[in-house]
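Chemist: Below you'll find the structure I mean.
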Amino acid sequence: MKTTRACIGCACLLAGMAGNIVRAQAPDDRDYVTQEQYDALRRDFETLKAEMRADRQNEPATASGQGEADGPTWLDLERTRLRMDAIEATLEESRAGLSNFMVTGFAFTRFVNAERMDSTFTAKFVPLFLWQPTDRLLFQAEIEFGLDGQGETEVELEYAEASYIINDYLTLGAGKFLTPFGLFAERLHPAWINKFPDMPLIYGHDGIAPFTSLGIYARGGVPVGSTMFNYAIYLSNGASLNTGEDEPDEAGMLHFENFSDINNNKSVGGRVGFLPIPEVEFGFSFNWGKVNPSGSEVGDVDAFIWGLDFTYVQEVDFLAGLFDVRFEFARSEVDDTVFDPMGAALFFKNNRDGLYGQIAYRPTKSGIEFLRDFEFVGRYDYLNLPAGAPEEADHERWSVGVNYWLSPSTVLKFTYERLEVEGEPDTDAFLAMFAIGF
Amino acid sequence: MFTRKSLFMMAVAGAAGCGTAALTGCSGDGQTTAPLTQVAPAAFAPRDSAALENAGARIWARNCIRCHNIRTPASFSDRQWGIIMHHMRVRANLTGEQHEAVLRFLQAAN
């Protein structure tokens, strides 16, 4: 544009000069241009020539490649820049933290000093591997590394599953997954999330609620009006009933580590959660299936396990802190059957139930800054076992503790517990844990 | 035994009731509790970037804390947040809209 203007200006100037010269050369025109006028016009002309030259140098080469013959064109430079950007992006993606694969998880060291038992330290390292090949596909696996009593390293595949997002409200998955039953297994089991150094009584080896399952699932969340529902339904190998043939003391117990199905019958289960507001959630869970091993003398035995849970977590002004309340109840009902451990017929009504209620308070809005990192926790839980079973003593436990948060995912926990087992002396215990989520 | 159990459960119920009563009126920060539709907009809602980030901040602040302490946006890189939010979408049964909103917020605030 500038060039065009300069050309027009230049042409006018030349035309003017030519006119003057023509007039000067005309024999009948004696009005000569003065030297001063000529010099001024000459200066203007030189200035315009310089501007035109400068404009031409700054002008990009045309697509036809007509640029400066003695150097790289603008197009060449642009191509090089794009190539360098691509190389830089490739290098960035290969840097740690910038690929679609990452390792997160948690680790902890725990100390337990219980009456009539040797005090001991334990430690575990639990990495969680996440790989997201596409926006819809996710593979996740959590592996638990620990030490057994003999100092050997124990490795356990906590879960390993692949999930695929179908749409905004539905995700399908398969593999070994944390069972969507209640709250603890799926959401609270990592040591840096659990408020206590140990699990509630209804979970674990002697518990009644499933922790992991092997199978397939469908899950998601659905907003309804001003509320929110979430759901999970699954089909899995299911629980197995301990018939007491190999472990007489555990006759009637359900085991959930049934990773190769024992009866060619799959169990079905799920959970529905309702959130009237984001801070409150109510849940109902169930699990139903056949639990007797194929060909076992106990015959066909079904088990139905169901549970209720409640969560309320909110920062409350008048308490100047974060208030966290949780409650879970679970009950397992197993069909009547006769067990035959050690050759002696044994019958009992095989129903079990248990619950835990937990409160935590952290003065996050306290005027004393030091106090904001402390958390005060209390928990009550019990486990009722069937009368007449080899293991029939009911358990009841009280726990109180203080946690100190070094960072949002690093915590020191100190807990005092009293365990009351029916027919046995009470057991007091002190537990401490250092847990870190990474 | 029964008395202590009852007392504890009453305390839990009382605490929950107390909190719920506080919730019905206002949230912890003294503001009127926003309806969940505001933090979980319907699928057909316009996907305006600023509105999404705003909704994402609210979902992040009010939902993540239901299970664990909130980690700051600076805890992970943008790419890592993408993977973690996918993981959390499955674990916490988030909708696609909630997932996108929280991710946008975390990456914008990072």
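Protein chains in written order, with the working numbering: chain V, 1 to 438; chain S, 439 to 548. For every residue, glycine included, the Cβ atom is placed at its ideal position computed from N, Cα and C. As the structure is a prediction and not an experimental result, all values here were calculated from the model.
E333(V) and F304(V) - do their beta-carbons sit closer together than 8 Å?
Modeler: Yes.
Chemist: Could you compute how far the alpha carbon of E315(V) sits from the alpha carbon of T80(V)?
Modeler: Using only the alpha carbons, I get a separation of about 55 Å.
Chemist: Can you list, in chain order, the residues of its chain with a C-beta nearer than 8 Å to that of A345(V)? Leave out the 5 residues immediately preceding and following it.
Modeler: Within the same chain, A345(V) has close Cβ partners V338 and F339.
Chemist: Is it a yes or a no for the stretch 239-246 of chain V touching the stretch 287-304 of chain V, going by three-plus beta-carbon pairs under 8 Å?
Modeler: Counting Cβ pairs under 8 Å, three or more are found: they touch.
Chemist: Who are the neighbours of V313(V) on chain S, taking C-beta pairs under 7 Å?
Modeler: Those within 7 Å of V313(V) in chain S are I503 and R504.
Chemist: Identify whether S515(S) lies in helix, strand or coil by the three-state DSSP scheme.
Modeler: It is coil, neither helix nor strand.
Chemist: Anyone know if the C-beta pair for Y416(V) and F374(V) falls short of 8 Å?
Modeler: It is not a contact, given that the beta carbons lie outside the stated cut-off.
Chemist: State yes or no: is the beta carbon of N548(S) nearer than 8 Å to at least one beta carbon in chain V?
Modeler: Cβ-Cβ to chain V under 8 Å: no for N548(S).
Chemist: Spatial neighbours of A160(V) within its chain, please: CB distance less than 6 Å, with the 5 preceding and 5 following residues excluded, ordered by chain position.
Modeler: Once the five neighbours on either side are set aside, the close Cβ partners of A160(V) are A141, G175 and K176.
Chemist: If I follow the unbroken beta strand (DSSP E) through W398(V), where does it start and stop?
Modeler: Residues H395 to S407.
Chemist: Can you pull out the residues from the stretch 198-217 of chain V whose beta carbon lies closer than 8 Å to at least one beta carbon of chain S?
Modeler: The residues in question: there are none.
Chemist: At the 8 Å Cβ level, is R529(S) part of the contact set with chain V, yes or no?
Modeler: With 8 Å as the cut-off, R529(S) counts as an interface residue toward chain V.
Chemist: Sort out for me which residues DSSP pairs W306(V) with in a bridge.
Modeler: Paired residues: F286(V) and R331(V).
Chemist: According to DSSP, is R362(V) part of a helix, a strand, or is it coil?
Modeler: Of the three classes helix, strand and coil, the one that applies to R362(V) here is strand, per DSSP.
Chemist: N113(V): which of L431(V), F438(V), I436(V) and G437(V) sits nearest, CA to CA?
Modeler: Among L431(V), F438(V), I436(V) and G437(V), the Cα nearest to that of N113(V) belongs to L431(V).
Chemist: Would you call the stretch 270-278 of chain V in contact with the stretch 209-228 of chain V, where contact means no fewer than 3 C-beta pairs closer than 8 Å?
Modeler: Taking 8 Å as the limit for Cβ pairs, the verdict is that the stretch 209-228 of chain V does touch the stretch 270-278 of chain V.
Chemist: For a test of the three-state rule: what should DSSP assign to W498(S), helix, strand or coil?
Modeler: Correct three-state label for W498(S): helix.
Chemist: DSSP on F196(V), reduced to helix/strand/coil?
Modeler: In this structure, F196(V) counts as coil in the three-state DSSP scheme.
Chemist: Given that E491(S) touches chain V, what residues does it touch there, using C-beta distances under 9 Å?
Modeler: Going along chain V, no residue has its Cβ under 9 Å from E491(S), so there is no contact; the nearest lies around 17 Å.
Chemist: Given that E281(V) touches chain S, what residues does it touch there, using C-beta distances under 9 Å?
Modeler: The answer, in chain order, is R504.
Chemist: Tell me the residue span of the alpha helix (DSSP H) that contains R542(S).
Modeler: Unbroken alpha helix (DSSP H) run through R542(S): G534 to A547.
Chemist: Of all the residues that make up the stretch 132-159 of chain V, which are near chain S by a beta-carbon distance shorter than 7 Å?
Modeler: Result list: Q132, L138 and Q140.
Chemist: In chain S, what lies closer than 7 Å to I193(V) by C-beta?
Modeler: Within 7 Å Cβ-Cβ: C505 and H506.
Chemist: Counting along the chain, where does the beta strand (DSSP E) carrying M228(V) start and finish?
Modeler: Residues T227 to S236.
Chemist: Within 10 angstroms of the Cβ of V291(V), are there 16 or more other Cβ atoms? Answer buried if so, exposed if not.
Modeler: It counts as buried.
Chemist: Would G451(V) count as contacting chain S if we go by Cβ distances under 8 Å?
Modeler: Past the edges of chain V, shown from 1 to 438, lies residue 451(V), and the structure says nothing about it.
Chemist: Can you tell me whether S267(V) is buried or exposed? The criterion is at least 16 other CB atoms within 10 Å of its CB, across all chains shown.
Modeler: Answer is buried; the Cβ neighbour count reaches 16.
Chemist: Where Y164(V) and H537(S) are concerned, what is the direct C-alpha to C-alpha distance, given to the nearest angstrom?
Modeler: If you take the alpha carbons of Y164(V) and H537(S), they lie about 14 Å apart.
Chemist: Under 8 Å, do L82(V) and M102(V) count as touching if we go by C-beta distance?
Modeler: It is not a contact, given that the beta carbons lie outside the stated cut-off.
Chemist: Can you list the residues of chain V that R500(S) reaches, using a CB-CB cut of under 7 Å?
Modeler: P278 and E279, listed in chain order.
Chemist: Using only CA atoms, which one of Y203(V), E46(V), T122(V) and P190(V) lies nearest to G354(V)?
Modeler: The candidate whose alpha carbon is nearest that of G354(V) is Y203(V).
Chemist: Tell me whether L128(V) sits in a helix, a strand or coil according to DSSP, three-state version.
Modeler: Here L128(V) sits in strand by DSSP.
Chemist: So what's S240(V) in DSSP terms, helix, strand or just coil?
Modeler: Note: S240(V) maps to strand in three-state DSSP.
Chemist: To the nearest angstrom, how far is the alpha carbon of S366(V) from that of L183(V)?
Modeler: Their backbone Cα atoms lie some 29 Å apart in a straight line.
Chemist: Does the beta-carbon of K413(V) have 16 or more other beta-carbons within 10 angstroms, so that it is buried, or is it exposed?
Modeler: Under this definition K413(V) is a buried residue.
Chemist: Determine, for R542(S), whether the minimum Cβ-Cβ distance to residues of chain V falls below 8 Å.
Modeler: Judged by the 8 Å Cβ criterion, R542(S) is not in contact with chain V.
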